[in-house]
Amino acid sequence: MLEINNLQVARSGKQILDGINLRLIPHTLTALVGKNGCGKSTLVSCINQITPYRGEIHFSGRDLALMPPRERASLIAFLPQALKSPHITTEELIAMGRSPYLDIGRHMTPHDKEMVEKAIHAIGIEKLIGRYVDTLSGGERQKVYLAMTIAQDTRLLVLDEPTTYMDMAYEHAFLAMLDTMKHKNKKTLLVVMHNLNQAVRYADQLAVLDDGKIVFHGPTEECLRSGILERVFSVHRYMAEDKVFFAAE
Amino acid sequence: MENNKKRKNWIFALLTAVLLLSMFISLWLGSAELSVGDIFKGLFSDGDSRISIIIRYVRLPRMLAALLAGVGLSVSGALLQGVTDNGLASPNIIGVNSGAGFMTILTLSIFPGAVFALPFSAFCGAFAATLLILWTANRIGTSKVTIILAGMALTAILNAGISFLSLLDTDVVAAYNAFSIGGLSGVTTRALWIPAVLIFLSLGAALLLSRQISVLCLGDSLASSLGIRVKRLRMICLICSSASAAAVVSFAGLLGFVGLIVPHMARRITGGSMPKVLVSSALCGASIVMLADALGRTLFAPTEIPVGIVMAAIGAPFFLILLFRRRGHA
Numbered sequence: 001m002l003e004i005n006n007l008q009v010a011r012s013g014k015q016i017l018d019g020i021n022l023r024l025i026p027h028t029l030t031a032l033v034g035k036n037g038c039g040k041s042t043l044v045s046c047i048n049q050i051t052p053y054r055g056e057i058h059f060s061g062r063d064l065a066l067m068p069p070r071e072r073a074s075l076i077a078f079l080p081q082a083l084k085s086p087h088i089t090t091e092e093l094i095a096m097g098r099s100p101y102l103d104i105g106r107h108m109t110p111h112d113k114e115m116v117e118k119a120i121h122a123i124g125i126e127k128l129i130g131r132y133v134d135t136l137s138g139g140e141r142q143k144v145y146l147a148m149t150i151a152q153d154t155r156l157l158v159l160d161e162p163t164t165y166m167d168m169a170y171e172h173a174f175l176a177m178l179d180t181m182k183h184k185n186k187k188t189l190l191v192v193m194h195n196l197n198q199a200v201r202y203a204d205q206l207a208v209l210d211d212g213k214i215v216f217h218g219p220t221e222e223c224l225r226s227g228i229l230e231r232v233f234s235v236h237r238y239m240a241e242d243k244v245f246f247a248a249e
Numbered sequence: 001m002e003n004n005k006k007r008k009n010w011i012f013a014l015l016t017a018v019l020l021l022s023m024f025i026s027l028w029l030g031s032a033e034l035s036v037g038d039i040f041k042g043l044f045s046d047g048d049s050r051i052s053i054i055i056r057y058v059r060l061p062r063m064l065a066a067l068l069a070g071v072g073l074s075v076s077g078a079l080l081q082g083v084t085d086n087g088l089a090s091p092n093i094i095g096v097n098s099g100a101g102f103m104t105i106l107t108l109s110i111f112p113g114a115v116f117a118l119p120f121s122a123f124c125g126a127f128a129a130t131l132l133i134l135w136t137a138n139r140i141g142t143s144k145v146t147i148i149l150a151g152m153a154l155t156a157i158l159n160a161g162i163s164f165l166s167l168l169d170t171d172v173v174a175a176y177n178a179f180s181i182g183g184l185s186g187v188t189t190r191a192l193w194i195p196a197v198l199i200f201l202s203l204g205a206a207l208l209l210s211r212q213i214s215v216l217c218l219g220d221s222l223a224s225s226l227g228i229r230v231k232r233l234r235m236i237c238l239i240c241s242s243a244s245a246a247a248v249v250s251f252a253g254l255l256g257f258v259g260l261i262v263p264h265m266a267r268r269i270t271g272g273s274m275p276k277v278l279v280s281s282a283l284c285g286a287s288i289v290m291l292a293d294a295l296g297r298t299l300f301a302p303t304e305i306p307v308g309i310v311m312a313a314i315g316a317p318f319f320l321i322l323l324f325r326r327r328g329h330a
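Chains as they are written, first to last, in the UniProt record's numbering: chain R, 1 to 249; chain W, 1 to 330.
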């Protein structure tokens, strides 16, 4: 699985990420949390090999930087925060998730089409099929892009704030779906989350990033016991109906 | 999903029908009045009659030139708009046309007889201009407007260079005037062979890579995560785009607006996935340039208006509408 060793990113003389070490546990959901500007998106873009870095990122013992892009794409799916609204149909977009498996000029096989169908059902977006992506709302668009990453059929999913445009009801349903996916489909998930309450509720592991450094990485319960979230985010913790809630001081 | 597919097939059939009709109109209209029978006689009979000469040596080369110009510039524009993620990118706006034009004039000034080298020199100019734009945009920042602004600045410099070279050599001035407007009069079939090969090779390569280009249009980070070699693909697309635009410049001059407006029309008609955009751009572009050329030949006959002026009259308002719509979205 994914292993990050001594990752460093500097931009214009400023250290954005400093000595990041992170090892994901297979079939778990790890929430990457941290204040705005702490380097969460930079870290996931390093995993996606977009941002240049020093250090090493390995997947199953192999250096990602040396891996051919298509092979990497068959192992790790990535969903960025900012999503475009092209004038293409939803099924055309979801089918792009099969790109790593298609050679130049090769058409989709029945298996590829089956994976696209499965992804559509997994996210529950049957009603959006046939519509153009640029006519969808922010939340609908996010679901269609998620279906695309599911169709990519990788062992690891890296999602950068995937619920930003979703309404609260679907946000819960979506995170519950991710929770199911890790067991049922044996997926490992690294999810950048801005909502602390959702992160502690759904994540098995928490990675807390503060000022470019991982200040905690471990099971969610342990993180809650340590009180590190309160210190990093300057929040108070409350208990209600056996659930943990955080609110600003 | 099935209905959507059927609808698309109908649209492509309709675009092909419009193309065939435009080809016919292009052969039919002109200063000499010809009947439908005359066109077929001129095309398929072996004789050296007046009709055969008009069709084979005047109207057919012109029709083919308009077709190639439409295909080349539309495909070039569609590729540029795709890889730069900018709907305002087109060969003439970001300096590709001017680069090709500058090198063409430079070649004509130094080697007046080297007509055979014009497609190659136009390609070198277009590609150099593209590289310069990308380099500038990378240095300043690859925002959507940066590429456009850098292109406008480069276009101004290259146009100044073209004017300067024209002033040095009076023989080049007349050629440059027609060249800068963009026109198809006097074009011969022989002059179209090399550009045709360049245009169809570029179109073929673009179609072969069209699925990857569609993925690239989702943004660099998503494309990379879907296994696309972003920089390499963008470079190949720019080479195809430059080659295609340069090939057109070599026989049609600085024909504007085709590469800007046609991809927008194509996207609206068939949807935005790259294979469809490329095919529909090629079909629409060829039809539009052939019809614009036919219009230019007949509107004030016997005086002929170069196709570049007709395209500017259609394209400039379209460009303004596009800018207003973008402002509305912003």
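All C-beta atoms in this analysis are idealised placements derived from N, C-alpha and C, irrespective of residue type, glycine included.
Just so it is clear, the structure is predicted and the values come from calculations on it, not from any experiment.
| field | Opening and closing residue of the beta strand (DSSP E) in which phenylalanine 216 (chain R) lies | value | Within the first sequence, numbered from 1, the residue matching residue 216 (chain R) stands at position 216. Per DSSP, phenylalanine 216 (chain R) belongs to the beta strand (DSSP E) from 213 to 219.
| task | Compile a chain-ordered list of the residues in the region 27 to 60 of chain R whose CB is closer than 8 Å to at least one CB of chain W. | result | For the region 27 to 60 of chain R, residues whose beta-carbon sits nearer than 8 Å to a beta-carbon of chain W comprise Ser45, Asn48, Gln49 and Ile50.
| request: Alpha carbon to alpha carbon, how far is serine 76 (chain W) from proline 91 (chain W)? Give it in angstroms, no decimals. | output: Within the second sequence, the letter at position 91 stands for residue 91 (chain W). Within the second sequence, the letter at position 76 stands for residue 76 (chain W). Approximately 7 Å between the Cα atoms of the pair.
| message | Under DSSP, the alpha helix (DSSP H) around phenylalanine 102 (chain W) begins and ends at which residues? | response | By 1-based counting over the second sequence, the position of residue 102 (chain W) is 102. Here the alpha helix (DSSP H) through phenylalanine 102 (chain W) covers 96 to 110.
| query | Closest Cβ-Cβ distance between proline 110 (chain R) and chain W: below 7 Å? | reply | On the first sequence, residue 110 (chain R) is found 110 positions in, with the first residue counted as 1. So no, proline 110 (chain R) is outside the interface.
| task | Report the residues of the region 61 to 78 of chain R with a CB closer than 9 Å to any CB of chain W, ordered along the chain. | result | Pro68, Pro69, Arg70, Glu71, Arg72, Ala73, Ser74, Ile76, Ala77 and Phe78
| Among all the DSSP beta bridges, which residues are the ones paired with glutamate 3 (chain R)? | In the first sequence, counting from the first residue as 1, residue 3 (chain R) sits at position 3. According to DSSP, glutamate 3 (chain R) bridges with R:Arg23 and R:His58.
| said: Pop quiz: valine 307 (chain W) and valine 279 (chain W) are said to be a contact at Cβ under 8 Å. What is the actual Cβ separation, rounded to whole angstroms? | reply: The count along the second sequence starts at 1 and reaches residue 307 (chain W) at position 307. The count along the second sequence starts at 1 and reaches residue 279 (chain W) at position 279. Actually they do not touch by this definition, with Cβ atoms about 23 Å apart.
| said: Within the continuous alpha helix (DSSP H) that includes methionine 265 (chain W), where are the two ends? | reply: Position 265 of the second sequence holds residue 265 (chain W). It spans 258 to 270 - the alpha helix (DSSP H) in which methionine 265 (chain W) sits, taken as one unbroken run.
| request: Please list the partners that valine 187 (chain W) has in chain R, where partner means a Cβ-to-Cβ separation under 8 Å. | output: By one-based count along the second sequence, residue 187 (chain W) stands at place 187. Ordered by position in chain R, no residue passes the 8 Å Cβ test against valine 187 (chain W), which lies about 34 Å from the chain.
| said: According to DSSP, simplified to helix, strand and coil, what is methionine 239 (chain R)? | reply: Sequence index remark: in the first sequence, residue 239 (chain R) carries index 239 (1-based). Strand, per DSSP.
| message | By the DSSP assignment, the beta strand (DSSP E) with aspartate 210 (chain R) in it spans what residues? | response | Counting from 1 along the first sequence, the entry for residue 210 (chain R) is found at position 210. Aspartate 210 (chain R) -> beta strand (DSSP E) spans 205 to 210.
| task | Please classify alanine 31 (chain R): does DSSP put it in a helix, a strand, or coil? | result | Taking the first residue of the first sequence as position 1, residue 31 (chain R) is located at position 31. DSSP places alanine 31 (chain R) in strand when its eight states are reduced to three.
| Residues of chain R with CB under 9 Å from cysteine 217 (chain W), in chain order? | Counting from 1 along the second sequence, the entry for residue 217 (chain W) is found at position 217. Simply Lys84, Pro86 and Ile88.
| said: Count Cβ pairs between the region 224 to 241 of chain W and the region 46 to 62 of chain R that sit closer than 8 Å; are there 3 or more? | reply: yes
| field | Any C-beta of chain W under 7 Å from that of isoleucine 104 (chain R) | value | Translated into positions along the first sequence, residue 104 (chain R) becomes position 104. Isoleucine 104 (chain R) counts as touching chain W.
| field | Local conformation of arginine 56 (chain W) per DSSP, three classes | value | The residue you call residue 56 (chain W) lines up with position 56 of the second sequence. Residue state, collapsed to three classes: helix.
| task | For serine 12 (chain R), go through chain W and note every residue whose CB falls closer than 8 Å to its CB, in chain order. | result | Numbered from 1 along the first sequence, position 12 holds the residue referred to as residue 12 (chain R). Under the 8 Å cutoff, chain W gives no residues; its nearest Cβ is about 13 Å from serine 12 (chain R).
| Which residues in the same chain have their Cβ closer than 6 Å to the Cβ of threonine 154 (chain R), if we skip the five residues on either side of it in sequence? | If you number the first sequence from 1, residue 154 (chain R) lands on position 154. Only residues of its own chain outside the window of five on either side were considered, and among them Leu75, Ile76 and Ala77 have a CB closer than 6 Å to the CB of threonine 154 (chain R), listed in chain order.
| field | Beta carbon proximity, methionine 168 (chain R) to chain W, threshold 7 Å | value | The residue given as residue 168 (chain R) occupies position 168 in the first sequence. False, the Cβ-Cβ gap to chain W never drops below 7 Å.
| Where DSSP assigns a beta bridge to glutamine 8 (chain R), which residues make up the other side? | The residue given as residue 8 (chain R) occupies position 8 in the first sequence. In DSSP, glutamine 8 (chain R) forms a bridge with R:Arg54.
| request: Could you tell me the boundaries of the alpha helix (DSSP H) in which alanine 206 (chain W) lies? | output: Locating residue 206 (chain W) in the second sequence gives position 206, where the first residue counts as 1. Residues 193 to 208.
| query | Among W:Gly87, W:Phe102 and W:Ser74, which one has its Cα closest to the Cα of serine 163 (chain W)? | reply | Walking along the second sequence from the start, residue 163 (chain W) turns up at place 163. Considering only alpha carbons, the answer is W:Phe102.
| message | Using a 10 Å radius around the Cβ and a threshold of 16 neighbouring Cβ atoms, would you call alanine 156 (chain W) buried or exposed? | response | On the second sequence, position 156 is the one that residue 156 (chain W) refers to. Label assigned to alanine 156 (chain W): exposed.
| At what residues does the beta strand (DSSP E) containing phenylalanine 300 (chain W) begin and finish? | Within the second sequence, residue 300 (chain W) is the residue found at index 300, counting from 1. From DSSP, phenylalanine 300 (chain W) is part of no beta strand (DSSP E); its letter is neither H nor E.
| request: Pull up the DSSP beta-bridge partners for leucine 157 (chain R), would you. | output: Counted from its first residue, the first sequence places residue 157 (chain R) at position 157. Looking at the DSSP output, leucine 157 (chain R) shares a beta bridge with R:Ala77 and R:Leu189.
| request: Buried or exposed for valine 44 (chain R), please, with buried defined as at least 16 other CB atoms from any protein chain shown within 10 angstroms of its CB. | output: As a first step, residue 44 (chain R) is located in the first sequence; it is residue number 44 there, counting from the start. Under this definition valine 44 (chain R) is a buried residue.
| Where valine 116 (chain R) and serine 180 (chain W) are concerned, what is the direct C-alpha to C-alpha distance, given to the nearest angstrom? | One-based indexing of the first sequence puts residue 116 (chain R) at position 116. One-based indexing of the second sequence puts residue 180 (chain W) at position 180. When rounded, the distance between both Cα atoms is 50 Å.
| task | Could you work out which residue in W:Ile305, W:Phe300 and W:Ala266 is closest to leucine 79 (chain W) when comparing CA atoms only? | result | Start at 1 with the first residue of the second sequence, and residue 79 (chain W) comes out as number 79. Ranking W:Ile305, W:Phe300 and W:Ala266 by Cα distance to leucine 79 (chain W) puts W:Ala266 first.
| request: State the DSSP-derived secondary structure class of isoleucine 125 (chain R), mapped to helix, strand or coil. | output: Indexing the first sequence from 1 puts residue 125 (chain R) at position 125. Coil at isoleucine 125 (chain R), not helix or strand.
| task | Count the other C-beta atoms from every protein chain shown that fall within 10 angstroms of the C-beta of lysine 14 (chain R), then say buried if there are 16 or more, exposed otherwise. | result | The count along the first sequence starts at 1 and reaches residue 14 (chain R) at position 14. So lysine 14 (chain R) ends up on the exposed side.
| task | Could you work out which residue in R:Ala240, R:Val232, R:His194 and R:Leu189 is closest to leucine 24 (chain R) when comparing CA atoms only? | result | Residue 24 (chain R) sits at position 24 when you count from the first residue of the first sequence. The shortest C-alpha separation from leucine 24 (chain R) is found at R:Leu189.
| Got a sec: is the Cβ-Cβ distance from methionine 239 (chain R) to anything in chain W below 7 Å? | In the first sequence, counting from the first residue as 1, residue 239 (chain R) sits at position 239. Methionine 239 (chain R) does not count as touching chain W.
| query | Interface residues of chain R around residue 355 (chain W) at Cβ under 9 Å? | reply | The displayed coordinates of chain W run from 1 to 330. Any statement about residue 355 (chain W) would go beyond what the structure contains.
| request: Can you tell me which of the three DSSP states aspartate 85 (chain W) falls into? | output: Here the question's residue 85 (chain W) lines up with position 85 in the second sequence. Coil.
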